[in-house]
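As they're listed, the protein sequences go chains A and B.
One point on numbering: in the UniProt record's numbering, the residue at position 562 of the first sequence is 562, and numbering is uninterrupted.
One point on numbering: in the UniProt record's numbering, the residue at position 381 of the second sequence is 381, and numbering is uninterrupted.
Every residue gets a Cβ at the ideal spot worked out from N, C-alpha and C, and that includes glycine.
There are 2 protein chains.
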Amino acid sequence: TGQPLVTATQSGVNPDIHSERTSPSFPVERVTNLLDGGAELTATRRHVESIINSDSTFSQDDRYFLTRVEQYEGSVRRAVRLREKMKELGWADNGTEAMFAFRVLGADVAFGIHNGVFIPTIKELGIEAQIAKWVPLAQDLQIIGTYAQTELGHGTYLRGLETTVTFDPSNQEFVINMPRLSSIKWWPGDLGRSATHALVLAQLYTQGKCQGMHAFIVQIRSLVDHSSLPGVTVGDIGPKMNFDQVDNGFLILQNVHIPRENMLCRYSEVSPDGTYVKRGSDRINYFSMVLTRTRLLSAEIIPALAKACVIAIRYSVVRRQSKLKPGEMETKILDYQMQQQKLFPQLATVFAFHFMASSFEAFCNQVKVQIKSKGDFSSLPELHALSAGLKALLSDVCSAGVETCRRACGGHGYSLLSGLPSLYTRVAGSCTYEGENTVMQLQTARLIKNAGFQLQSLLQSGVEQYVAWDSTSILLAQAAIAHCQYTIVNNFVETMSRLQHEPEIQQVLQVLCDLYALSGILANAEEFLHDGYMTGHQLDLVTASQRDLLTCVRKDAVSLVDAFDYSDQQLHSAIGSYDGHAYQRLFEWAQKAPMNAKVPFALFLALSSCC
Amino acid sequence: TGQPLVTATQSGVNPDIHSERTSPSFPVERVTNLLDGGAELTATRRHVESIINSDSTFSQDDRYFLTRVEQYEGSVRRAVRLREKMKELGWADNGTEAMFAFRVLGADVAFGIHNGVFIPTIKELGIEAQIAKWVPLAQDLQIIGTYAQTELGHGTYLRGLETTVTFDPSNQEFVINMPRLSSIKWWPGDLGRSATHALVLAQLYTQGKCQGMHAFIVQIRSLVDHSSLPGVTVGDIGPKMNFDQVDNGFLILQNVHIPRENMLCRYSEVSPDGTYVKRGSDRINYFSMVLTRTRLLSAEIIPALAKACVIAIRYSVVRRQSKLKPGEMETKILDYQMQQQKLFPQLATVFAFHFMASSFEAFCNQVKVQIKSKGDFSSLPELHALSAGLKALLSDVCSAGVETCRRACGGHGYSLLSGLPSLYTRVAGSCTYEGENTVMQLQTARLIKNAGFQLQSLLQSGVEQYVAWDSTSILLAQAAIAHCQYTIVNNFVETMSRLQHEPEIQQVLQVLCDLYALSGILANAEEFLHDGYMTGHQLDLVTASQRDLLTCVRKDAVSLVDAFDYSDQQLHSAIGSYDGHAYQRLFEWAQKAPMNAKVPFALFLALSSCC
């Protein structure tokens, strides 16, 4: 019956992708350095990645075949292993190596909320004694913390949160309660199975008065046997569109008592007699929110689109379909204009967003200095508005872009093995968490409208204006998007202008900059036409120019995505690997599916006997 | 420590959703009848549903918690049980009850390709003797068949398929081979674990000449022990974005011999000496393709958006968030204009598409009569073009609409328990299978362009024109979409005109018809502005009118989605059930997650000892 046709492993690089790399118009490695922030950082990143890639605990070869419980347990193993590695190699918690390690592993390592929110929030809102008590325990994983803010019935509208914390001066304790079903804490990461402690955000009542939302440290599970403590009901909220490995959880607290010292009290305190004391301004807290969102852009949202571009563009030069001219080989699908039209604007977007996120981080650091050194909070409103607007715009655009890339890969883009479905379902989550996008756009619009707007009022006022806001909200959201778009194009142009000493890079990036700008105009053509900023004829010229730019990008497309320098281990894609052996990997990976593990003989018997 | 706050089951209907149903402006049941095609069909559908819902084999209470293997096995159990039920109750294979049963169970019952493609194709392309031999075996599940057309390297471009079937007159057999890795059959449903037989589409070679693609019946697994036969390598292709329960498979055939009789030979045959004989035209085959696509619209694509609307609109009247006026209760999120702007155009779209699909089915039946009675094929090109265009447009719009509904439900829309992620990942598949959408749009455009276009040339020519087609493909795709949009609006208006005897229904549907038309203009405003068909000022009037229509839809929104008459068992949604107890169901369903089944004590010990 002949030899199987797929025994021999194809070695080397698929000639169809090799030919794409023979004469890039620019030095690929230098663009990688530019994206990393310098050659040294590229070297450090690769060093960190090589350590992770060579440790089997971090291997995710089986990621598409695991149950949720298996994925969760794997993520915990990775988190513990990473902590060990960091100790062993002397990587500081806030050092460059740790930053790259967390970025490479992303949400696939457990305790993201513990490391990224629980610990930092204690540092921000706690006094020295609280930081000294809790942070070392948390950093050594002696305790695992979560951040319990959202409830079944309330997300972004913080004033609506229902969990109450009432101070009882008779025993110097706070008593925590949830009055209704809708008050159950819902969604916090690391809560479902891991957390021993929760940072509970709740309405503080003392001396019969509500003082608004404050943060409290509450132990929820035993440190001896991990069972939930009296008054505590805790568990996992069930499967989600992605983040299977994260134990997003629910938490019910009924008459749970905690000592007075467990209220984080850098900015406000309840004194022993129950008097509420406010000290200083907690405006600095908004800075944390801004930083969290910014990290999300660089660590999750933009990389999702970048990886999707790598996969889709590499696949599009090894996939041949139909013929442009008779007698020739079938055509690489990347040679079709419709495929270029789908993919290249996404590629340009990655660069535009990357440079924007870099500039924004620099702006954040500048504001941080202003605040810390001079107590100057004047840039905070702009920072807050821009972070909300960018988060909303970038997560929307990147989600849509990833899905465009996925669909451009046809049937194989629907296979989990392509890596593309997971990229979509993961980045789609970012449109909701850390602030639902519609709400984010409105925040930007509000601030656009009134630069002198005081930040506190975001939470504390706004009620009276709400009716008016609602009826004009659609226009306001559009204005916010336009403002952000303008900022991004402007920033791309400025980034270009600083690359005069690297003319080849400047040239190829200029093409992408133009493509991004023109694609933005075409995507919003209605608004340009509406008030006569452009005529139909001018728009046709834009369309024609955009088409020319697609042709320019074509020859460098593979080199441009190579420059992102994602290892195959980071892409998790059978069709997007560096060597271009898409079909072989699809075939090899499919063999590993549990569906192929057992022959359904019993099933067959059941079938043949039933009818 | 007090009583748990969620022990008591909330009974009755949530007052927030009850109040929405007290005074609909139209008779809800009559709209249900209209959608079903008459009161009798409503009754039959409910009868079928009640039988299915009362049989525990069909229960899917645990659907969000199962592994792929468990889901697959459940779908097989359901398929066998359904076959038993049909025999027991005397439901004919092509009867109304069976149609409703398959529609209710959808892809959750196995053997969809076996029932929907394998059997019908044998009936279409086989001669009487072949039909008599194979169809009864297949209908009784004595054999399970798949339809093996697409290959690892080829999807829609049928002429590129590489599997070969060579006739050997010396022993009156066909010999099947796959020359390359890219020739492996990939994606066929029911193939991975179930199929005993495959309808293999392959290039026929006889007397040294290629005669193009033909269909052959090939046994691939033993009927005794279900093992794969010599020369056959078969398995599952691994996990996908959805359709976990379907065993999409791969198939390698190497020197597999089948008898001459296994070529389906109604339209062409290989005679014993190897002479290729063509008889009659197989144009009628295109009719099957058209019917498959049409069924997809009514059975999968439109219901996905309809269900998403039910879930999102019901949830939006029980979810309260923030306040429009101080001192009042928090506002139902459906009272916000931005939420209406997201959801109501989707609702209007469901009606527009439903009426379009109904009319299209009627048109199909008319053409069928023309062909069968008079041999008149003149309407086939228009039918084929319209089916391709509608499939592309409706699957794109419904996918985007489902995702809009999902995001409009905020965080809970990201939970699988909401039902919305699965609706999206499933309908998103329909943008690729049964013809990739870009290709579909181009097919419509091509036919628009030339009504006298001969259908065969779709497969056999087109090569020379391809370069020109590619460079104008973007414009052509737009033209195809515009043509379909126009047809849909026109059809909605005509449907309205036939409802003069039901003024209340006509009135509420008129609002939806207007909303659909205006939303279509706004979504494509660029094209109306571009050549001066509309001015910016006129567009502002459209925007204002659309806003007024949103307000009109608001009061009937819940009744309108109630009229779709989906049972809770069909919605599989914790947040979209008829009684509106969204939070309670989320909480109850989450408890059942396997993540909550075991306390991670070992894990806890591992953690506390490691650092």
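Inspect the beta-carbon positions of Ile-313/B and Leu-343/B and report whether they are closer than 8 Å.
Walking along the second sequence from the start, residue 313/B turns up at place 313. Walking along the second sequence from the start, residue 343/B turns up at place 343. Yes, Cβ-Cβ distance for Ile-313/B and Leu-343/B is below 8 Å.
Only counting the same chain, and skipping five residues up and downstream in sequence, which positions put a Cβ closer than 8 Å to that of Ile-237/A?
As a first step, residue 237/A is located in the first sequence; it is residue number 237 there, counting from the start. Closer than 8 Å at the Cβ level, and outside the excluded window around Ile-237/A, lie Trp-186, Trp-187, Gly-192, Asn-248, Gly-249, Phe-250.
Using the beta-carbon of each residue, which ones in chain B are nearer than 7 Å to Ile-119/A?
For the purposes of this step, residue 119/A is taken as residue 119 along the first sequence, with counting starting at 1. What Ile-119/A touches in chain B: nothing, since even the nearest Cβ is about 15 Å away.
Neighbouring residues, chain B, relative to residue 612/A (Cβ below 7 Å)
Residue 612/A lies beyond the range of chain A shown here (1 to 611); nothing can be said about it.
Would you kindly work out how many angstroms separate the C-alpha atoms of Leu-158/B and Gly-411/A, rounded to a whole number?
In the second sequence, the residue the question calls residue 158/B occupies position 158. In the first sequence, the residue the question calls residue 411/A occupies position 411. Straight-line Cα distance between these residues: approximately 14 Å.
Straight-line gap, Tyr-147/B to Ser-378/B (C-alpha atoms, nearest Å):
Your numbering for residue 147/B matches position 147 in the second sequence. Your numbering for residue 378/B matches position 378 in the second sequence. Rounded to the nearest angstrom, the two C-alpha atoms are 29 Å apart.
Endpoints, the beta strand (DSSP E) within which Phe-167/B is located:
As a working mapping, residue 167/B is identified with position 167 in the second sequence. From DSSP, the beta strand (DSSP E) with Phe-167/B extends over 164 to 168.
When Cβ atoms are compared, which residues of the region 569 to 594 of chain B fall closer than 8 Å to chain A?
Tyr-583, Gln-584, Leu-586, Phe-587, Trp-589, Ala-590, Gln-591, Lys-592, Ala-593, Pro-594
My guess is that Lys-307/B and Val-317/B are in contact by the Cβ rule of under 8 Å, so how many angstroms apart are they, rounded?
Here the question's residue 307/B lines up with position 307 in the second sequence. Here the question's residue 317/B lines up with position 317 in the second sequence. Lys-307/B to Val-317/B, Cβ: 17 Å. No contact.
Could you pull out every residue in the same chain whose Cβ sits closer than 6 Å to the Cβ of Leu-550/A, ignoring the five residues on either side in sequence?
Position 550 of the first sequence, counting from 1, holds the residue named residue 550/A. Result list for Leu-550/A: Gln-340, Phe-344, in chain order.
For the alpha helix (DSSP H) holding Ser-358/A, just list the boundary residues, first then last.
Your numbering for residue 358/A matches position 358 in the first sequence. 337 to 374 is the extent of the alpha helix (DSSP H) around Ser-358/A.
Where Gln-591/B falls: helix, strand or coil (DSSP)
The residue labelled residue 591/B in the question sits at position 591 within the second sequence. Helix at Gln-591/B.
Buried/exposed call for Val-270/B, threshold 16 Cβ in 10 Å
As a working mapping, residue 270/B is identified with position 270 in the second sequence. Label assigned to Val-270/B: buried.
Which residue or residues does DSSP assign as beta-bridge partners of Leu-251/A?
In the first sequence, counting from the first residue as 1, residue 251/A sits at position 251. Note: Leu-251/A sits in a beta bridge opposite Lys-185/A, Val-234/A.
Can you tell me whether DSSP reads Ile-220/B as helix, strand or coil?
In the second sequence, residue 220/B corresponds to position 220, counting from 1. The answer is coil: DSSP assigns Ile-220/B none of H, G, I, E or B.
What residues in the region 346 to 368 of chain B have a beta carbon less than 9 Å from any beta carbon of chain A?
none
Member of Ser-56/A, Tyr-533/A, Gln-60/A whose CA lies at the smallest distance from the CA of Lys-85/A
For the purposes of this step, residue 85/A is identified with residue 85 of the first sequence, where counting begins at 1. With distances taken between Cα atoms, Lys-85/A lies closest to Ser-56/A.
Gly-90/B: beta carbon under 7 Å from a heavy atom of the ligand GTP?
For the ligand GTP, the structure offers nothing, since it holds no ligand at all.
State the Cα-Cα distance for the pair Thr-275/B and Gly-413/A, rounded to the nearest angstrom.
Counting from one through the second sequence, the residue named residue 275/B turns up at place 275. Counting from one through the first sequence, the residue named residue 413/A turns up at place 413. Their backbone Cα atoms lie some 42 Å apart in a straight line.
Does the region 149 to 169 of chain A come close enough to the region 580 to 597 of chain B that 3 or more CB-CB pairs lie under 8 Å?
yes
So, for Gln-172/A: in the same chain, excluding its five sequence neighbours on each side, which residues have a beta-carbon less than 8 Å away from its beta-carbon?
As a working note, residue 172/A is residue 172 in the first sequence. Within the same chain, Gln-172/A has close Cβ partners Pro-259, Arg-260, Pro-272.
In three-state terms, what does DSSP make of Asn-100/B?
Looking up residue 100/B in the second sequence gives position 100. Before going further, note that residue 100/B is Phe rather than Asn in the sequence given. DSSP places Phe-100/B in helix when its eight states are reduced to three.
Where the alpha helix (DSSP H) containing Thr-404/B begins and where it ends
Against the second sequence, residue 404/B aligns to sequence position 404. Its alpha helix (DSSP H) spans residues 380 to 408.
Own chain residues within Cβ distance below 7 Å of Pro-239/A, not counting five before or after
Taking the first sequence and counting its residues from 1, the one referred to as residue 239/A is at position 239. Within the same chain, Pro-239/A has close Cβ partners Arg-68.
Kindly indicate if chain B contains any beta-carbon less than 8 Å away from that of Tyr-64/A.
Numbered from 1 along the first sequence, position 64 holds the residue referred to as residue 64/A. Yes, Tyr-64/A lies at the interface with chain B (some Cβ there is under 8 Å from its Cβ).
Quick check: what's the CA-CA separation for Gln-510/A versus Ile-51/A?
Translated into the one-based positions of the first sequence, residue 510/A becomes position 510. Translated into the one-based positions of the first sequence, residue 51/A becomes position 51. Taking the straight line joining both Cα atoms gives about 36 Å.
Sufficient close CB pairs (3 or more, under 8 Å) joining the region 391 to 407 of chain B to the region 415 to 429 of chain B
yes
Under 9 Å between beta-carbons, which chain A residues line up against Gln-321/B? List them in chain order, please.
In the second sequence, residue 321/B corresponds to position 321, counting from 1. The contacting residues are Gly-153, His-154, Gly-155, Thr-156, Tyr-157, Gly-160.
Could you spell out where the alpha helix (DSSP H) holding Glu-526/A opens and where it closes?
Translated into positions along the first sequence, residue 526/A becomes position 526. 525 to 530 is the span of the alpha helix (DSSP H), which, as asked, contains Glu-526/A.
Within chain A, partners of Phe-26/B - CB distance below 7 Å
Here residue 26/B refers to the residue found at position 26 of the second sequence. None at all; the shortest Cβ gap to chain A is about 27 Å.
Is it buried or exposed for Glu-20/B, if we count other Cβ within 10 angstroms and need 16 for buried?
Here residue 20/B corresponds to residue number 20 of the second sequence, with the count starting at 1. Answer is buried; the Cβ neighbour count reaches 16.
If you reduce the DSSP assignment to three classes, tell me which class Glu-261/B lands in.
In the second sequence, residue 261/B corresponds to position 261, counting from 1. Glu-261/B falls in the helix class under three-state DSSP.
Taking just the CA atoms, how far does Gln-366/A sit from Lys-449/A?
The residue you call residue 449/A lines up with position 449 of the first sequence. The residue you call residue 366/A lines up with position 366 of the first sequence. Note on Lys-449/A: pLDDT 45, under 50, position unreliable in the model; the coordinate value appears next. Whole-angstrom Cα-Cα distance: 24 Å.
Does Ile-448/B come within less than 8 Å of chain A when only Cβ atoms are used?
Your numbering for residue 448/B matches position 448 in the second sequence. Low per-residue confidence applies at Ile-448/B: pLDDT is 49, beneath 50, and the placement is therefore not dependable enough to give any value.
Are there 16 or more other CB atoms within 10 angstroms of the CB of Glu-49/A, so buried, or fewer, so exposed?
As a working note, residue 49/A is residue 49 in the first sequence. Label assigned to Glu-49/A: buried.
Counting only Cβ-Cβ distances shorter than 8 Å, please list the residues of the region 508 to 539 of chain B near chain A, keeping chain order.
Ala-525, Glu-526, Leu-529, His-530, Asp-531, Gly-532, Gly-536, Leu-539
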